[in-house]
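Comments concern the structure below.
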Amino acid sequence: MSTVLVVDDDPALVRALGINLRARGYQVHAADTGAGALRLAASHPLDAVILDLGLPDMDGSEVIAGLRGWTDVPILVLSAREQSRQKVAALDAGADDFIGKPFGMDELLARLRAAIRRGRPAPAQPTITTDDFTIDLAAGRVTAGDRNVTLTPTEWHLLEVLARNPGKVVDHHRLLTEVWGPAYREQTNYLRVYMATLRRKLERDAANPRHLLTEAGRGYRFEP
Numbered sequence: 001m002s003t004v005l006v007v008d009d010d011p012a013l014v015r016a017l018g019i020n021l022r023a024r025g026y027q028v029h030a031a032d033t034g035a036g037a038l039r040l041a042a043s044h045p046l047d048a049v050i051l052d053l054g055l056p057d058m059d060g061s062e063v064i065a066g067l068r069g070w071t072d073v074p075i076l077v078l079s080a081r082e083q084s085r086q087k088v089a090a091l092d093a094g095a096d097d098f099i100g101k102p103f104g105m106d107e108l109l110a111r112l113r114a115a116i117r118r119g120r121p122a123p124a125q126p127t128i129t130t131d132d133f134t135i136d137l138a139a140g141r142v143t144a145g146d147r148n149v150t151l152t153p154t155e156w157h158l159l160e161v162l163a164r165n166p167g168k169v170v171d172h173h174r175l176l177t178e179v180w181g182p183a184y185r186e187q188t189n190y191l192r193v194y195m196a197t198l199r200r201k202l203e204r205d206a207a208n209p210r211h212l213l214t215e216a217g218r219g220y221r222f223e224p
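So that you can map any letter, position 117 of the sequence shown is 117 in the UniProt record's numbering, and since no number is skipped, the others follow by simple counting.
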């Protein structure tokens, strides 16, 4: 599931975009100010940003510059400003694409998919080694020393999602959605049970884990 931040001060447009994006499997965050957009971007992993230039507190180009100070997330500018000068300014600030208002939803979604494909990092190394165990992502196997660790398909999927995001907090909703599906995104008790099992199988001391860490109120983090 890709996560998109929609930044626009038009509630009707934000609602329409949110409905269309969620219907196609995207997770959506929304902000109606530049400052709110920057706060959300700093606290949530994003796959793309859809940004209006005409915000109430700052120009959209300032938001682009703020994001580009620390992230390469794809930015699609959605704006009624049609002058070439303003388009150039947005692209020079770091935007990846410019879509004029009014726009066709199908075109916007196609451009969003293309931007996310271009923005995805190279795949992680297929083997991740810790002091206690080794994860072979390509083979779908975990070993500890010279023995194979037996995991159920659900345990493996949960470990795989975490291992593909080393050092990053993966929030509860994302884990539940990716492993069990959207209908289970509130069932945090599933995570507690399965994380406890993974720790018993993989950690040297399950009560004091070194690799499968809890981030209270947020999610879980894998540290190689």
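Virtual Cβ for every residue (Gly too), placed ideally from N, Cα, C.
Everything numeric in this text was worked out from a predicted model, so none of it was measured.
Query	Result
Note down, one range per segment and in chain order, each alpha helix (DSSP H) of at least 4 residues found wholly within the UniProt domain "Response regulatory" (3 to 116).	11 to 23, 34 to 43, 60 to 68 and 84 to 93
According to DSSP, is residue 177 part of a helix, a strand, or is it coil?	helix
Distance check for residue 134 and residue 196, CA to CA, integer angstroms please.	19 Å
With a threshold of 7 Å on Cβ separation, who are the neighbours of residue 138 within its own chain once the five nearest residues in sequence on each side are excluded?	126
What does residue 148 pair with, by DSSP beta-bridge criteria?	143
Would residue 97 pass as a contact of residue 117 if the rule is Cβ separation under 7 Å?	no
Ends of the alpha helix (DSSP H) at residue 130?	First-last for residue 130: undefined, no H or E at that position.
Using a Cβ-Cβ cutoff of less than 6 Å, which residues in the same chain neighbour residue 143 once the five nearest sequence positions on both sides are dropped?	134
Taking only three categories from DSSP, how would you classify residue 159?	helix
Quick one: what does DSSP say residue 219 is sitting in, helix, strand or coil?	strand
Just list the residues that DSSP pairs residue 136 with in beta bridges.	127 and 141
What do you get for residue 156, buried or exposed, if any count of 16 or more other CB atoms within 10 angstroms of its CB means buried?	buried
Beta-carbon within less than 6 Å of residue 50's beta-carbon, same chain only, minus the 5 sequence neighbours each way: which residues are those?	6, 76 and 78
How would you call residue 34, buried or exposed, if buried means at least 16 neighbouring beta carbons within 10 angstroms?	buried
By DSSP's criteria, residue 212 is part of a beta bridge. Which residues make up the other side?	222
If you draw a straight line from the C-alpha of residue 20 to the C-alpha of residue 151, how long is it?	37 Å
Could you pull out every residue in the same chain whose Cβ sits closer than 8 Å to the Cβ of residue 90, ignoring the five residues on either side in sequence?	53, 60, 61, 64, 77, 79 and 98
Which word fits residue 74, buried or exposed, when buried means at least 16 other C-beta atoms lie within 10 angstroms of its C-beta?	buried
Please state the DSSP three-state secondary structure of residue 122.	In this prediction, residue 122 scores a pLDDT of 49, lower than 50, which makes its location untrustworthy; no coordinate-derived value is stated.
Between the alpha carbons of residue 163 and residue 85, how many angstroms are there, rounded?	44 Å
So, is residue 183 buried or exposed, given that buried needs 16 or more other C-beta atoms within 10 angstroms?	exposed
Out of 221, 200, 36 and 129, which has the shortest C-alpha to C-alpha gap to residue 171?	221
Just the Cα atoms here: how many angstroms apart are residue 148 and residue 141?	7 Å
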